[in-house]
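K.L.:
Just so we're aligned, residue 2 is where the sequence shown starts under my numbering, counting upward by one. Glycine included, C-beta positions come from ideal geometry on N, C-alpha and C.
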Amino acid sequence: MFVQRIITKDYDEMSRRAADFVADKLRQNPELRLGLPTGNTPRGMYEQLVERYARGELDFSRVHTFNLDEYWGLEPDHPAAFARYIQNHFLRHVNVPSGQAHWPAGKGDAAENARTYEARIGAEGLDIIILGIGVNGHIGFNEPGAAFDARTGFVQLAERTRQDAFHPRSGFATREDVPIHGITMGIGTILEAKSILLLASGASKAEAIQRALEGPVTEEVPASALQRHGDVTVIVDEAAAARLADK
Ligand code: PGA
Numbered sequence: 002m003f004v005q006r007i008i009t010k011d012y013d014e015m016s017r018r019a020a021d022f023v024a025d026k027l028r029q030n031p032e033l034r035l036g037l038p039t040g041n042t043p044r045g046m047y048e049q050l051v052e053r054y055a056r057g058e059l060d061f062s063r064v065h066t067f068n069l070d071e072y073w074g075l076e077p078d079h080p081a082a083f084a085r086y087i088q089n090h091f092l093r094h095v096n097v098p099s100g101q102a103h104w105p106a107g108k109g110d111a112a113e114n115a116r117t118y119e120a121r122i123g124a125e126g127l128d129i130i131i132l133g134i135g136v137n138g139h140i141g142f143n144e145p146g147a148a149f150d151a152r153t154g155f156v157q158l159a160e161r162t163r164q165d166a167f168h169p170r171s172g173f174a175t176r177e178d179v180p181i182h183g184i185t186m187g188i189g190t191i192l193e194a195k196s197i198l199l200l201a202s203g204a205s206k207a208e209a210i211q212r213a214l215e216g217p218v219t220e221e222v223p224a225s226a227l228q229r230h231g232d233v234t235v236i237v238d239e240a241a242a243a244r245l246a247d248k
């Protein structure tokens with residue numbers, strides 16, 4: 002495993018360093034195939050990327066984007082849908098052509114949607130996948146117990162994930178509205194990306210980060226699978242890094 006650890010003072014610096022990482026990769030390869038997370042963690046990174054694009058520093062015209070996951074059963078324009086999130090926070094502000102922005106469909110025939118999505122990722126795979134981490138160590142919607150060789154598929158959300166998904170900016174009106182299922186790139190799909198960027202901020206993520214990076218590699222901690230990958234960069238703020246033995 003090669004893990005580069007970058008520990009930042011706070012959330013804003015984490016976001017800037019994450020945007021630096023993407024910007025560098027984009028300059029090296031304008032045709033980047035980029036796996037993208039949603040949630041609270043990457044909001045600041047997207048803001049940074051949008052600002053840099055507006056200043057003329059970045060060009061996404063040849064980039065393909067692939068969302069990591071989606072809730073099951075929401076319309077793509079539901080306020081909580083990840084397809085909508087990525088439009089609002091990133092795509093509508095930059096020049097990724099619409100035919101080059103991909104996400105797993107969260108309605109219809111799940112097995113068919115999963116096959117279609119894997120086919121889009123295709124033999125070329127992803128150059129980078131950016132990940133957040135759940136308090137329970139999940140990556141995407143790969144919850145504790147998910148197989149490390151899993152491909153894109155239909156999954157059940159952990160109760161903890163459903164709890165954390167309901168917050169003032171979540172787009173859900175009530176706790177009960179959070180779907181029970183999702184569709185997610187599998188850990189096997191994620192591990193095939195050429196490089197992985199893992200982001201985390203805040204004390205609530207400190208235990209998950211410690212277990213992911215320093216604990217045993219076990220399906221009980223989905224993010225511990227990253228220890229099996231050869232090119233992982235971890236950018237975490239001091240609060241999220243607080244439990245790491247090796248800083
Ligand atoms: P968050 O979610 O960025 O909203 O904390 C991360 C995740 O659950 O993967």
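1) Secondary structure at N68, three-state DSSP: helix, strand or coil?
2) In chain order, which continuous runs of the beta strand (DSSP E) of length 3 or greater are located wholly inside the segment 38 to 112?
3) Within the same chain, show all residues whose beta-carbon is closer than 8 Å to that of V156, passing over the 5 residues directly before and after it, in chain order.
4) Determine the direct distance from the alpha carbon of V233 to that of L227, and round the result to whole angstroms.
5) Is I140 near L33, with beta carbons less than 8 Å apart?
6) On a CA-only basis, which of K108, G74, E208, L69 is nearest I87? Give me that one, please.
7) So, for S196: in the same chain, excluding its five sequence neighbours on each side, which residues have a beta-carbon less than 6 Å away from its beta-carbon?
8) Can you grab the Cα-Cα spacing for the pair D110 / P80, in whole Å?
9) Is E208 closer than 8 Å to R161 when the C-beta atoms are compared?
P.N.:
Inspection of the coordinates gives the following:
1) Counted from its first residue, the sequence shown places residue 68 at position 67. In this structure, DSSP gives N68 an extended state, which the three-state scheme calls strand.
2) Fully enclosed beta strand (DSSP E) runs of no fewer than 3 residues occupy 65 to 68, 70 to 72 of the segment 38 to 112, in order along the chain.
3) Counted from its first residue, the sequence shown places residue 156 at position 155. Residues of the same chain with a CB within less than 8 Å of the CB of V156, apart from the 5 flanking positions on each side, are F142, N143, E144, A147, H182, G183, I184, T185 in chain order.
4) For this step, residue 227 is matched to residue 226 along the sequence shown. For this step, residue 233 is matched to residue 232 along the sequence shown. Spanning the two alpha carbons is a distance of roughly 7 Å.
5) For the purposes of this step, residue 140 is taken as the residue at position 139 of the sequence shown. For the purposes of this step, residue 33 is taken as the residue at position 32 of the sequence shown. The answer is no: Cβ separation not under 8 Å.
6) Working through the sequence shown from its first residue, we reach residue 87 at position 86. Ranking K108, G74, E208, L69 by Cα distance to I87 puts L69 first.
7) What you label residue 196 is simply residue 195 of the sequence shown in a count that begins at 1. Counting only Cβ-Cβ distances below 6 Å, and skipping sequence neighbours, we find I129, D232.
8) Walking along the sequence shown from the start, residue 110 turns up at place 109. Walking along the sequence shown from the start, residue 80 turns up at place 79. If I take the Cα positions, the gap works out to 22 Å.
9) Taking the first residue of the sequence shown as 1, we reach residue 161 at position 160. Taking the first residue of the sequence shown as 1, we reach residue 208 at position 207. No.
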